[in-house]
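Participant: Read top to bottom, the protein sequences are chains R and W.
Here our numbering is used: the first residue of the first sequence is 1, the next is one more, and so on.
Here our numbering is used: the first residue of the second sequence is 1001, the next is one more, and so on.
I'd like to ask you about the structure that follows.
Protein chains: 2
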Amino acid sequence: MAITITNVIVRDIRFPTSRTLDGSDAVNVDPDYSATYVTLETDAASGLRGYGLTFTCGRGNEVCVAAVHALKRQVLGSTLESITEDFAGFWLRITSDSQVRWLGPEKGVIHLAAGALINAVWDLYARREGKPIWKVLVDMTPEQVVACIPFRHITDALTPREAIEILRRNELTKSDREKEMLAAGYPAYTTSAGWLGYSDEKVRQLVREGLADGWSHFKMKVGRDQADDVRRAAIIREEIGPDRKLMMDANQIWDVDDAIEWMKPLAEFKPWWIEEPTSPDDVLGHAKIAKTVAPIGVATGEACQNRVIFKQLLQANAISFCQIDSCRLAGVNEVLAVILMAAKFGVPVCPHAGGVGLCEYVQHLALFDYIAVSASLENRIIEYVDHLHEHFVYQVKMKDGRYLPPLDPGYSIEMKAESLDYYEFPNGEAWRD
Amino acid sequence: MAITITNVIVRDIRFPTSRTLDGSDAVNVDPDYSATYVTLETDAASGLRGYGLTFTCGRGNEVCVAAVHALKRQVLGSTLESITEDFAGFWLRITSDSQVRWLGPEKGVIHLAAGALINAVWDLYARREGKPIWKVLVDMTPEQVVACIPFRHITDALTPREAIEILRRNELTKSDREKEMLAAGYPAYTTSAGWLGYSDEKVRQLVREGLADGWSHFKMKVGRDQADDVRRAAIIREEIGPDRKLMMDANQIWDVDDAIEWMKPLAEFKPWWIEEPTSPDDVLGHAKIAKTVAPIGVATGEACQNRVIFKQLLQANAISFCQIDSCRLAGVNEVLAVILMAAKFGVPVCPHAGGVGLCEYVQHLALFDYIAVSASLENRIIEYVDHLHEHFVYQVKMKDGRYLPPLDPGYSIEMKAESLDYYEFPNGEAWRD
């Protein structure tokens, strides 16, 4: 029986994380991790709902809320089936509203809002299927996956035919990797130790705790003070030894030539990657930096606005690690496009996570990537930050520094009712004083 | 005496232009030309105010209004002097709000909103100086101009020192060109004849009217149906003869390789440029198209999100015409950066206009470019569309297909009180049925 989306509820949820400087870096000095939180109500007798969110940093979350309202007419009154039978067509409709698209196009606020809405539809779809998203995707045929993908403006890099060929490569062995993932999980790295707001002592202590918890990859923030960065890199490298991986993240603080200069004294600590060395819009800049700082790899993606930027980063050999974001890109459909382009160009996908809800989301995407696309874990790892998971109904499960595949139906992004009430801005209890 | 900005009023103004299909093209099929309209009130005894707007296409304008509210704390309570004494610093503060920037960064809704706010500050500043914006800029020293420019993320293409050198090149002859402009005006072209929503007969008639009015450059929209495009191009070329210029505008409709194919049968009509052949985010795609369709030039800019994209388009030899937009870029400061980069790379600036208020804005920018930067009119021309000018207090003045320099103080963007009331969405009379 067809089910119809009868209501779109949008809530402004904010966590006052700036009070403790969790999540501080060279650019994001005081984020209040926030979510534009979408609930799709349906006419299903079971009370079936879909949930989605887009992550923001606090102020301005209300602008994203307004943007979801501007886009919601594309789902309101639609049946789930009318969407999923032409999922790419739905994606194009929602991102191509003839008036709203001027506000992007396909970037910034309206794209973040589209991500919340589109992911909520995917959550609804997966719940209806009784499977977690990763399993919904893994069980699709190559043709079904490709039918979800918006190819507009990327066919010079990836055609539907090429995407199908990539998906066929490892199709017959999917079930082996699915079993492997269910048993062992997907490898992760931690960013919890390296925030700029922490003292040297706190960094050292957190790295030691991370080692004790089984982490093998550690990421530090850089870019505010070069001497600080050198000192902290020395501490972390000393603690983790020569073989574990150290990553650095500049959060876009540098101009192109500054990035190249700043990394020179940091090279001795053998960073595996330098993340966001400059503007996320600067494809040519990343390419120049990548060429110059090699063998340090360049990573970026959390602020890359859409598949067209990722396409160019790949075409220009500008990145060694492709950091997809689950809601900066407009939902699962566009992420699939980027995962398949990365596969074509041979660049590993290492999803961005943290914030609020991003770990919950991206585990599904990485599992799909491994099981159905890449069939490799080499140089692949998901970010993990241990903030705010307690607010989710289906929390991420970590074991020995690995994400264990979620088994509950949906996209793992439903938040607890009491958390939503407590942290709703501006009237929830958390915001009352 | 210092004046303080005491209030920021934001209004949602929409013109129901979709009812007549004015402004229809392959992508923007039914725009309601709209403005997020900002008024800065001050404590000046004279009642001095500043006005700014950002242009949108209708639905979603309320999202831009919300974004101005999210950014307004960066001007509210500030003195005008505290802003203008470090104009680049002000620009960086408004575009780098540590929480709001996640929603861009520097693109889409929050950048459009920043444009409205920043341009309102420039309008206030110019009124205080008693000069139109173009004259304020022309009267600045090279050092003063450069102090307005945000160089973040573009110093690999243009340093402050290089910008000063460019401004010094033609400094001594500025007054000659100022006199020339005051007498003859800045050349323009018209887009009014070539909208997709018009019949062949209407196109022919409008071209004839355009010729009678003295126009020498005509732009047509393309990309919905190739046979239609060929037929219309033939009509326009037949009417305008072999020497006048015909431009084509695809409004981003094509993938990269489609653009190349589609232009093949159109080449015989000798288009001067093909505008927006593909995604505005696709620097490498534009470069490939430019290389292939030459000698047809590639033009883009109205949807180019910020100076970093323009920087790359110039670095990659992707454009022959640089179409700055007065509010897609975040106000005068960022436009100055692009004008100077274009000068360094030797690419003529041909501002995008039309919509509502864009002609009023860009005439100032082109006058500055000619008088203080390029000192050339070769291949330089401002778009002109004869819609909606009647709503402005200081309307553009055209003569023989040229913009005559505005003489009233400010940025020419103040709208009439009765127009604001009539077209305010959703409660103005224009929207009541």
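Positions of the beta carbon are idealized from the N, C-alpha and C atoms, including for glycine.
Could you have a look at I9/R and say whether DSSP puts it in helix, strand or coil?
Facilitator: I9/R: strand per DSSP, three-state reduction.
Participant: Using only the alpha-carbon positions, how far apart do P271/R and N7/R sit?
Facilitator: Going from the Cα of P271/R to the Cα of N7/R covers about 48 angstroms.
Participant: Tell me whether H1217/W sits in a helix, a strand or coil according to DSSP, three-state version.
Facilitator: Of the three classes helix, strand and coil, the one that applies to H1217/W here is strand, per DSSP.
Participant: Does any residue of chain R have a CB that is nearer than 7 angstroms to the CB of A1188/W?
Facilitator: No, A1188/W lies away from the interface with chain R (no Cβ there is under 7 angstroms from its Cβ).
Participant: Excluding the 5 residues flanking P288/R on each side, which residues of the same chain have their C-beta closer than 7 angstroms to its C-beta?
Facilitator: Going by the sequence as given, residue 288/R is Lys instead of Pro. The answer, listed in chain order, is V256.
Participant: Look up M263/R in the DSSP assignment and say whether it is helix, strand or coil.
Facilitator: Helix at M263/R.
Participant: If we count Cβ pairs, one from each stretch, closer than 8 angstroms, do we get three or more for the region 1343-1359 of chain W versus the region 1098-1114 of chain W?
Facilitator: Contact fails: fewer than three Cβ-Cβ distances are below 8 angstroms.
Participant: Can you give me the Cβ contacts of D1408/W inside the same chain, cut-off strictly under 7 angstroms, excluding the 5 residues immediately before and after it?
Facilitator: Excluding positions up to five away in sequence, the list reads P1132 and Y1394.
Participant: Using C-beta distances below 7 angstroms, list every residue in its chain close to L1388/W, excluding the 5 sequence neighbours before and after it, in chain order.
Facilitator: Once the five neighbours on either side are set aside, the close Cβ partners of L1388/W are F1015, Y1033 and V1356.
Participant: So, are the CB atoms of F425/R and D12/R less than 7 angstroms apart?
Facilitator: Result yes, Cβ atoms of F425/R and D12/R sit closer than 7 angstroms.
Participant: For a cutoff of 7 angstroms on Cβ pairs, would you count H1153/W as touching chain R?
Facilitator: Closer than 7 angstroms: yes.
Participant: Out of A1234/W, I1154/W, C1064/W and I1009/W, state which residue places its alpha-carbon closest to the alpha-carbon of V1335/W.
Facilitator: Closest option to V1335/W, Cα to Cα, is I1154/W.
Participant: Contact check, D10/R vs V38/R under 8 angstroms by CB: the rounded distance?
Facilitator: Note that residue 10/R is Val in the sequence shown, not Asp. Confirmed, Cβ separation roughly 6 angstroms.
Participant: If we cut at 7 angstroms on Cβ distances, does L1284/W have a partner in chain R?
Facilitator: L1284/W counts as touching chain R.
Participant: For K1107/W, count neighbouring C-beta atoms within 10 Å of its own C-beta (all shown protein chains included) and say buried if the count is 16 or more, exposed if not.
Facilitator: So K1107/W ends up on the buried side.
Participant: Taking Cβ positions, are M1247/W and L1367/W nearer each other than 7 angstroms?
Facilitator: No. Outside cutoff.
Participant: Nearest CA to the CA of F90/R: which residue from A330/R, Y189/R and D433/R?
Facilitator: Residue A330/R is the option with its Cα nearest to F90/R.
Participant: Just verifying my parser: in three-state terms, what is the DSSP assignment at P1406/W?
Facilitator: In this structure, P1406/W counts as coil in the three-state DSSP scheme.
Participant: Measuring alpha carbon to alpha carbon, tell me which of L365/R, V396/R and F345/R ends up nearest A157/R.
Facilitator: For A157/R, the nearest C-alpha among the options comes from F345/R.
Participant: Looking at the secondary structure, which residues open and close the alpha helix (DSSP H) in which Y1125/W lies?
Facilitator: Unbroken alpha helix (DSSP H) run through Y1125/W: G1108 to E1129.
Participant: If we ignore side chains and look at the alpha-carbon of each, how far apart do Q99/R and V1029/W end up?
Facilitator: Q99/R and V1029/W: Cα-Cα distance of roughly 8 angstroms.
Participant: Alpha carbon to alpha carbon, how far is P31/R from C57/R? Give it in angstroms, no decimals.
Facilitator: Taking the straight line joining both Cα atoms gives about 5 angstroms.
Participant: Can you give me the C-alpha to C-alpha distance between P386/R and N119/R, rounded to a whole angstrom?
Facilitator: A quick correction: the sequence has Asp, not Pro, at residue 386/R. When rounded, the distance between both Cα atoms is 22 angstroms.
Participant: Work out the CA separation of I309/R and W1273/W for me, nearest whole Å.
Facilitator: If you take the alpha carbons of W1273/W and I309/R, they lie about 24 angstroms apart.
Participant: So the beta strand (DSSP E) S175/R belongs to, where does it begin and stop?
Facilitator: No beta strand (DSSP E) contains S175/R, which is instead part of the alpha helix (DSSP H) from K174 to A184.
Participant: So P1031/W contacts chain R; which residues on that side make the cut at Cβ distance below 8 angstroms?
Facilitator: Under the 8 angstroms cutoff, chain R gives S98, Q99 and W102.
Participant: Which of the three DSSP states, helix, strand or coil, is assigned to E1085/W?
Facilitator: Looking at E1085/W - three-state DSSP - the assignment turns out to be coil, as it is neither helix nor strand.
Participant: Sorted by chain position, which residues of the same chain lie with C-beta nearer than 8 angstroms to E378/R's C-beta, five sequence neighbours on each side aside?
Facilitator: Answer for E378/R: P348, listed in chain order.
Participant: Do you know how far the Cα of A1147/W is from the Cα of L167/R?
Facilitator: Taking the straight line joining both Cα atoms gives about 53 angstroms.
Participant: Could you tell me which chain R residues have their CB closer than 7 angstroms to the CB of N1333/W, listed as they occur along the chain?
Facilitator: Near N1333/W there are no residues of chain R at all, since even the closest Cβ is about 17 angstroms away, more than 7 angstroms.
Participant: Run down chain R in chain order and give the residues with a C-beta less than 8 angstroms from the C-beta of G1241/W.
Facilitator: Ordered by position in chain R, no residue passes the 8 angstroms Cβ test against G1241/W, which lies about 35 angstroms from the chain.
Participant: Following the continuous beta strand (DSSP E) through S34/R, name the residue where it begins and the one where it ends.
Facilitator: Counting along the chain, the beta strand (DSSP E) containing S34/R begins and ends at S34 to T42.
Participant: Measure the beta-carbon distance from D229/R to L266/R and round it to whole angstroms, keeping in mind my assumption that it falls under 8 angstroms.
Facilitator: Rounded, the Cβ-Cβ distance is 6 angstroms, consistent with contact.
Participant: Roughly how far, in whole angstroms, is the beta-carbon of C322/R from the beta-carbon of A342/R, given that I think they are within contact range, below 8 angstroms?
Facilitator: Going by Cβ atoms, the distance from C322/R to A342/R rounds to 4 angstroms, so yes, they are a contact pair.
Participant: CA-CA distance, N427/R and A375/R?
Facilitator: Distance between the alpha carbons of N427/R and A375/R: 47 angstroms.
Participant: Do we get a CB-CB distance below 7 angstroms when we pair C148/R with the residues of chain W?
Facilitator: Answer no: the Cβ-Cβ gap between C148/R and chain W never drops below 7 angstroms.
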